[in-house]
Amino acid sequence: MTTPSTYGLSSEARNLHWLLTNLVEEVPGIQSVAVVSSDGLLLLSSDPHRAEADRQNRPATKGPRGSAADLATIVSGIGSLTVGAAKLMDFGSVKHTMVAMDEGSLFVMSISDGSLLGVHGSAECDMSVISYHMALFVGRAGHVLTPELRSELRKSMESEPSGSVR
Numbered sequence: 002m003t004t005p006s007t008y009g010l011s012s013e014a015r016n017l018h019w020l021l022t023n024l025v026e027e028v029p030g031i032q033s034v035a036v037v038s039s040d041g042l043l044l045l046s047s048d049p050h051r052a053e054a055d056r057q058n059r060p061a062t063k064g065p066r067g068s069a070a071d072l073a074t075i076v077s078g079i080g081s082l083t084v085g086a087a088k089l090m091d092f093g094s095v096k097h098t099m100v101a102m103d104e105g106s107l108f109v110m111s112i113s114d115g116s117l118l119g120v121h122g123s124a125e126c127d128m129s130v131i132s133y134h135m136a137l138f139v140g141r142a143g144h145v146l147t148p149e150l151r152s153e154l155r156k157s158m159e160s161e162p163s164g165s166v167r
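Under the numbering used here, residues 2 to 167 are what the sequence shown spells out, in order.
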């Protein structure tokens with residue numbers, strides 16, 4: 002994966018790009034990652050397999066079809082569903098959700114103010130390792146994900162041709 006274009010972004014936005022890139026590159030089994038705002042908009046994404054396949058016009062690895070926006074949609078939907086379930090059961094706020102499937106795993110973790118971190122993992126991934134690194138990301142990113150930074154990230158995603166960090 003190459004370094005994302007962070008020209009013109011604030012230091013906080015550049016730091017989040019770096020944290021996300023580091024998460025994908027350093028944790029075995031991660032296929033793609035999406036940071037989603039409370040209203041379901043994709044703020045930040047890293048999907049190296051799909052971005053490379055899109056550039057070469059060939060099928061990508063198994064996972065959400067289409068683009069990083071598909072992962073964001075899934076993450077947002079699961080986040081909304083689990084928040085509703087927690088309210089119905091009066092269990093408090095949702096911290097994380099894990100879905101294990103035959104061909105892979107999906108992890109969703111709350112960041113702040115309803116924002117979510119979603120990770121698509123391979124079938125061979127170590128769920129505890131991914132969860133640990135997601136918690137580290139949330140701990141580092143949560144306090145800087147202000148409304149101003151979310152707005153900046155949305156604008157930068159709109160200017161990216163494929164909507165993903167490369």
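All C-beta atoms in this analysis are idealised placements derived from N, C-alpha and C, irrespective of residue type, glycine included.
Given that a residue counts as buried once 16 or more other Cβ atoms are within 10 Å of its Cβ, and exposed if not, what is residue i?
i, result
"Leu82", "exposed"
"Phe92", "exposed"
"Val69", "First, the residue type needs correcting, since residue 69 is Ala and not Val in the sequence shown. Burial call: buried."
"Ser157", "buried"
"Arg59", "For Arg59, the predicted model reports a pLDDT of 46, less than 50, meaning its position is unreliable; a value from the coordinates is still stated below. Its Cβ having fewer than 16 others within 10 Å, Arg59 is exposed."
"Val100", "exposed"
"Ser94", "exposed"
If you draw a straight line from the C-alpha of residue i to the C-alpha of residue j, how long is it?
i, j, result
"Ser12", "Thr98", "30 Å"
"Phe108", "Val34", "9 Å"
"Ala14", "Glu153", "8 Å"
"Thr139", "Ile112", "A small fix is needed here, since residue 139 is Val in this sequence, not Thr. Roughly 5 Å between the two C-alpha positions."
"Gly122", "Asn23", "15 Å"
"Leu43", "Val84", "19 Å"
"His144", "Arg155", "18 Å"
What residue from the options has the CA that sits closest to residue i's CA?
i, options, result
"Asp103", "Val34, Leu89, Glu125", "Glu125"
"Ser106", "Gln32, Ala69, Lys96, Lys88", "Gln32"
"Pro21", "Ile131, Ser94, Gly85, Ala101", "For clarity, residue 21 is Leu in the given sequence; the question names Pro instead. Out of Ile131, Ser94, Gly85, Ala101, Ile131 has the C-alpha closest to the C-alpha of Leu21."
"Pro29", "Met135, Ser157, Val139", "Met135"
"Ser96", "Met110, Leu118, Met158", "This sequence places Lys at residue 96; Ser is not what is there. Of Met110, Leu118, Met158, the residue nearest in Cα terms is Met110."
"Glu26", "Ala73, Ser47, Leu17", "Ser47"
"Leu117", "Gly9, Leu10, Ala73", "Ala73"
"Gly115", "Ser123, Gly78, Met90", "Gly78"
"Arg141", "Asn16, Tyr8, Leu10", "Asn16"
"Asp71", "Leu10, Gly119, Ala87, Gly143", "Gly119"
Determine which residues share a DSSP beta bridge with residue i and list them.
i, result
"His121", "Ser33, Leu107"
"His97", "Met110"
"Met102", "Gly105"
Legend entry - Complete runs of the beta strand (DSSP E) confined to the stretch 11-49 [at least 3 residues]: As summarised for the stretch 11-49, the continuous beta strand (DSSP E) elements at least 3 residues long and confined to that stretch are 31-37, 43-47, given in chain order.
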